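Structure first, then comments.
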Amino acid sequence: MNRMMITASNTMGQLQKKLDTVSNNIANSETTGYKQKQAYFSDLLTQEFNNQERVEKEKGRLTPNGIRVGVGASMSQSKLNTEVGAIQKTGRDLDVALNKENLYFTVSVQNGANVETRYTRDGAFYLSPVGDQLQLVTSEGHAVLDENNEKILIGEDMKRISFKSDGHIRVVYQNNSEETIDLAIISVEKPQFLEKVSDNTFTLPNNMAQLGVTENEIYTPLTGALRNQVSLTGGALEQSNVDLSVEMTELIQVQRQYQFQSRAVSMADQMMGLVNGIR
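Its first residue numbered 1, the sequence shown is counted upward by one per residue in UniProt numbering.
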């Protein structure tokens, strides 16, 4: 009965993690560029008991000898679903969507005294005044970087701005002069190594040496001849790739599984009470 309670309580703790994952997906079903997370489970270690020492009594048995008792299940993996979400036209000049899977914009984030480089698919950009210039930033205020990993600054006398499908920003000024800026875009080869910082912002792990992977193995900056891999849609945004109907089904299933495990704990407690009450 103690084993029954341990197995159920272990599984309940892991189901709570999946519940948190599903709830986060549902909460971000309308977040621009959000990528769904999927939880996968596996059995914990099992213990085998030899309940029949006389092998001749097991003739004709189709299953392996012994009784295998586990201690519950564990969430073994949380995988990022990198499929491209629906592209929705907005008609806004500063909105841009990435059309291909595993492409990311590069942004600079001020984290206290440190400046960090992060990656996002949220193309809802804005212009923020910096002195006598305008800086291209994300909806969270992070600076968008160009091909040389420099902040994108535009003259305040800008008349028109547009994003081209190959990743170029075309700026037209009041005197009809033009400027072309290349967005910093990377192609991620190993998205499983990306660590989520916020709902739609990612960074690289701090322990890459322990993981046996290098920065160049995780992603490739799309510069020079590699720019032909870039594909953008201006005046549009990529929606979340969360399927709300699937997530609601998952939520109901997790809740039912949690109830079953909770009932197992209650039954084990009742059985222990009956045993203790025997005189």
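Backbone N, C-alpha and C define an ideal beta-carbon position, used for all residues, glycine too. Values in this document were obtained by computation on a predicted structure and should not be read as measured data.
Where residue i falls: helix, strand or coil (DSSP)
i           : result
residue 225 : helix
residue 155 : strand
residue 9   : helix
residue 26  : helix
residue 276 : helix
residue 20  : helix
residue 34  : coil
residue 243 : coil
residue 231 : coil
residue 265 : helix
residue 215 : helix
Beta-carbon proximity of residue i to residue j, cut-off 8 angstroms
i           : j           : result
residue 218 : residue 188 : yes
residue 40  : residue 79  : yes
residue 244 : residue 29  : yes
residue 34  : residue 242 : yes
residue 258 : residue 12  : yes
Beta-bridge partners of residue i, as assigned by DSSP
i           : result
residue 202 : 119, 196
residue 135 : 128, 153
residue 187 : 103, 220
residue 252 : Residue 252 is not bridged to any residue.
residue 146 : 183
Delimiting residues of the beta strand (DSSP E) encompassing residue i
i           : result
residue 111 : 103-111
residue 97  : 96-98
residue 172 : 168-173
residue 238 : 236-238
Contact with chain B by residue i, beta-carbon distance below 8 angstroms
i           : result
residue 257 : In the structure shown, chain B does not exist; there is a single protein chain.
*asked:* For the segment 191-205 against the segment 106-125, do three or more pairs of beta-carbon atoms, one drawn from each stretch, fall closer than 8 angstroms, so that the two count as touching?
replied: Between the segment 191-205 and the segment 106-125, the count of C-beta pairs closer than 8 angstroms reaches three or more; the two stretches touch.
*Does the count of Cβ pairs from the segment 221-231 and the segment 131-144 closer than 8 angstroms reach three?*
Too few Cβ pairs lie closer than 8 angstroms, so no.
*Counting pairs of Cβ atoms below 8 angstroms between the segment 180-195 and the segment 144-162, do you hit three or more?*
Yes, the segment 180-195 touches the segment 144-162.
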